[in-house]
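The structure appears right after this line, and notes come after that.
Residue numbers (my numbering), protein chains in the order written: chain A, 98 to 407; chain B, 533 to 900; chain C, 117 to 443.
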């Protein structure tokens, strides 16, 4: 550890933070679409697992990363469709359906994994890092910020794209109105139901993409329950970011930072902090985040409330 | 602050759709109470069977092995009831929280909190007469579970922090803390495996059937289900928290303290989950390990929902999920179907329960 | 793959009937059951036991079955009972956590042998079976101290097989070069490859050039990190051959052929020829079970003089002159 140096430490931590934050960014940005339309989907943890598994299985079968990601997104959309069917059409309680989705996601992926991958256990090809010319050669931070893989870079683009769609297009305007004043949307002749279906499916496919990042672009293997609470952390990120996609990007980075930090601190044997205390940090941070940002006014007004035609 | 005294319960039961007491609604309700859960389970089992069939297993054989195995003799039935005990306790508690619209997803963590407290008082306290000591252990577990849950309740009322997220985070923190305790301060001396010291023999819960592990916990669970049912539907506090669950604004107008009801509801559910953890320590495990729950806290959610949040119903749904869980081990042993299939069935049960519930609600409303 | 599973299914169907009829019928054939917590589909600890079970099936023609339990000690006892009551002669509980339950159940089923991995128990027919990983890890420690600047160990959880292995590494390294820097991280999971990878990356950036994981399925994350960091970072492949992932970085491979060891023990039990009189520990003296080999395709293979020194250490360990776990 004698080569320890603050700048290196910072650069490394930042790189790890972005990498760790990436799946959370996708899930959180997706959930912002869903919640902005007035639907609370706590099933994104299960959706991420489904994305992770489908992406892994498809790539394992076909050898193609592109197909893997495509299949994961499709699986996410299907999961979203199921969620929307129950919550928008049948108007079942959104929290309960979300809980069921999490159980289904964990159960189905573990069941299929154990049934079909008992005899293989092999990995899939991993997404290569893309070195951005010139910038990647910068001292210290070059490696950290400009030698990631494409899905990591895309997370920034997705956040800004989401902001553009939500706040600068008529689709986004209507989508947000669906969450705040569904009656008004209905009066203008647009379908609240359709917009909510759309928002849920966008949200779920982004969550699934975040899950697929884990198996296809981070570690090249599926592991049961590998999302490890990231979907739930994304839920907190959404609140903390005040339902803003770009905000969610940076809040996710903070979470990633703490996550990376706890591993780095553990590697310093001289500190003598029990490793569990460090492990608990991201979860404690999530609770603190909710405490410090106890804002009701930014939340979509009809969040969690099924829409009934008058 | 809306801290005005709670009024005595109104004579009629309060559902949105049964304020009128027409016979038609009564019979609809009866259908809902018994017919829906049965239908929901059947739908879920069919889905499970379909999943098995798609993946090349013989579903009928699998289910035969499962059910036949669980009921093959007294011993296997008692083992099933051992699983039912925590499920019923947690499910009953969650009925209270869910009735108040507190989405406590944290029963798992509250179960751990109860188990930790029970172990602590069981191992570190000496000189008490055994029966008193056992009562103290169980009380400690309940209080710890209630306190752990109350954190989420308080954060909800003071900071408007979603209890869904906070209880889930508290789950992670509880399991990590348990891991720390059994690898550190509570670790058994002279042993390298992370586990706590064993509880003295005298502190084990009395056995119901000789030569089995079945202890009195199942009786405690059933008794509490009855008591909590009475609390919810016959006491003013129970009435208050149901009103808060249905419509907090109306509750406020009726002079009910929403804040008090919210914290009370989640604390009761936490207490029962904590008690489940304590009973598991004093009745089955006898010491604390890093992992002491196969997800009881999450299955408990399905238990409560399948019972449509009726504590007495949770006795039956708890047993049902215990049969599935005990049977799943035999299922893998003899048919090599991965045991995790149970999670899929649990998820399917919840989905069909809410679907039937939502559809039934509509039927009820159109009847009025 | 599917055909394989159907074969198991067919066997399962037969067993199912046997369950319902009772145990009398099934006593004739030799049956072995395996209990694990978690999944056998992942590389690592459970896979070792699963492979061992399959080796027993192949070599001894035994009927085999396994159950992937949740991590819940309360369920172990009934699972043992379920196997024993169906007339399984040998049941392997893959981990120390199965020990207490086996002792309890063994009293009621005197005909079955209960083998417990990572345990040093010997009580009637409950027999502990240990892979002494501290021995190969001691050798790794020696090599790291001879060739490297500092080392990092990444463990799944703080459980005996892992802390003993790490203890061996530490003893080996510090005996060779006192004051050699060794960092250690427990990621708190056997599944979280992401955490394992991040832990490895942060160690590498802090100047560590030898990184050794012992984290079951999560270990893969370490090999990925090491591979991505380049050939100057060195590691050892533990339990399974990971040379496809990080062939340039792996200096040596510690393969544990648990199957060979288990087959040896189970054969003895089956034929009644050699029933263990104590708990069983496999070490470097059992080359059919524990193998440590060099990887000549590494970017910097272990030099001959170091190999010679390691050989000396190895024979001292086998002779019992070096206690790898001491301290």
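Ideal Cβ positions, reconstructed from N, Cα and C, are used throughout, including at glycine.
Bear in mind the structure is a predicted one, so any value in this text is a computation, not a measurement.
For a test of the three-state rule: what should DSSP assign to residue i, helix, strand or coil?
i	result
residue 191 (chain C)	helix
residue 728 (chain B)	strand
residue 299 (chain C)	strand
residue 298 (chain A)	helix
residue 286 (chain C)	helix
residue 267 (chain C)	strand
residue 704 (chain B)	helix
residue 786 (chain B)	coil
residue 151 (chain C)	strand
residue 210 (chain C)	coil
residue 338 (chain A)	coil
residue 215 (chain A)	coil
residue 417 (chain C)	coil
residue 372 (chain C)	strand
Relative to the C-alpha of residue i, which candidate in the options has its C-alpha closest?
i	options	result
residue 230 (chain C)	C:203, C:271, C:247 and C:254	C:203
residue 757 (chain B)	B:591, B:620 and B:598	B:620
residue 255 (chain C)	C:225, C:287 and C:236	C:287
residue 626 (chain B)	B:822, B:764, B:566 and B:769	B:764
residue 792 (chain B)	B:660, B:689 and B:683	B:689
residue 249 (chain A)	A:108, A:120 and A:399	A:120
residue 211 (chain A)	A:277, A:154 and A:296	A:154
residue 117 (chain A)	A:161, A:263 and A:356	A:356
residue 617 (chain B)	B:669, B:808, B:762 and B:861	B:808
residue 202 (chain A)	A:272, A:279 and A:146	A:146
residue 255 (chain A)	A:351, A:123, A:110 and A:157	A:123
Sorted by chain position, which residues of the same chain lie with C-beta nearer than 7 Å to residue i's C-beta, five sequence neighbours on each side aside?
i	result
residue 730 (chain B)	818 and 819
residue 834 (chain B)	853, 878, 881 and 882
residue 711 (chain B)	822
residue 268 (chain A)	262
residue 211 (chain C)	153, 233 and 234
Can you find a CB in chain A that lies within less than 8 Å of the CB of residue i?
i	result
residue 141 (chain C)	Residue placement at residue 141 (chain C) cannot be trusted, given a pLDDT of 44 that sits under 50; what the coordinates show is reported in the next sentence. Output row for residue 141 (chain C): interface = no.
residue 635 (chain B)	yes
residue 691 (chain B)	yes
By the criterion of Cβ-Cβ separation under 7 Å, what are the contact partners of residue i in chain A?
i	result
residue 363 (chain C)	Neighbours of residue 363 (chain C) on chain A: none; closest Cβ ~14 Å, over 7 Å.
So, is the C-beta of residue i closer than 8 Å to a C-beta in chain C?
i	result
residue 145 (chain A)	no
residue 202 (chain A)	no
residue 744 (chain B)	no
residue 553 (chain B)	Only weak support is given to the placement of residue 553 (chain B): the predicted model assigns it a pLDDT of 49, under 50, and the value that follows is read from those uncertain coordinates. No - not a single Cβ of chain C is within 8 Å of the one on residue 553 (chain B).
Using the beta-carbon of each residue, which ones in chain B are nearer than 7 Å to residue i?
i	result
residue 233 (chain C)	Those do not exist, as residue 233 (chain C) stays about 12 Å from chain B at its closest Cβ, beyond 7 Å.
residue 139 (chain A)	696
residue 359 (chain A)	The contacting residues do not exist; residue 359 (chain A) stays about 11 Å from chain B at best.
residue 313 (chain A)	Result: empty, since nearest Cβ-Cβ is about 23 Å, beyond 7 Å.
residue 173 (chain A)	The contacting residues do not exist; residue 173 (chain A) stays about 17 Å from chain B at best.
Once you ignore the five residues that flank residue i on each side, which residues in its own chain have a CB closer than 8 Å to its CB?
i	result
residue 170 (chain A)	148, 302, 305, 306 and 309
residue 177 (chain C)	146
residue 185 (chain A)	136, 290, 293, 294, 297, 403 and 404
So, is the C-beta of residue i closer than 8 Å to a C-beta in chain B?
i	result
residue 226 (chain C)	no
residue 292 (chain A)	no
residue 187 (chain A)	yes
residue 137 (chain C)	Any reading at residue 137 (chain C) must be qualified, since the residue scores a pLDDT of 39, below 50, and its modelled position is unreliable; the value itself is stated next. Not one chain B Cβ lies under 8 Å of residue 137 (chain C).
residue 165 (chain C)	no
residue 160 (chain C)	no
residue 404 (chain A)	no
residue 124 (chain A)	no
residue 133 (chain A)	no
Give every residue of the same chain whose Cβ lies closer than 6 Å to the Cβ of residue i, excluding the five residues on either side of it in the sequence, and list them in chain order.
i	result
residue 544 (chain B)	Per-residue confidence for residue 544 (chain B) stands at a pLDDT of 39, beneath the threshold of 50, marking its modelled position as unreliable; the derived number appears in the next sentence. Cβ within range, chain order: n/a, list empty.
residue 591 (chain B)	581, 584 and 585
Counting only Cβ pairs nearer than 9 Å, list the residues of chain C close to residue i.
i	result
residue 724 (chain B)	212, 275, 276, 279 and 280
Starting from the beta carbon of residue i, find every residue of chain A whose beta carbon is closer than 8 Å, and list them in chain order.
i	result
residue 335 (chain C)	Within 8 Å Cβ-Cβ: nothing; residue 335 (chain C) doesn't reach chain A, min ~11 Å.
residue 709 (chain B)	373 and 377
So, is the C-beta of residue i closer than 8 Å to a C-beta in chain D?
i	result
residue 151 (chain A)	Here chain D cannot be found, since the structure's protein chains are A, B and C.
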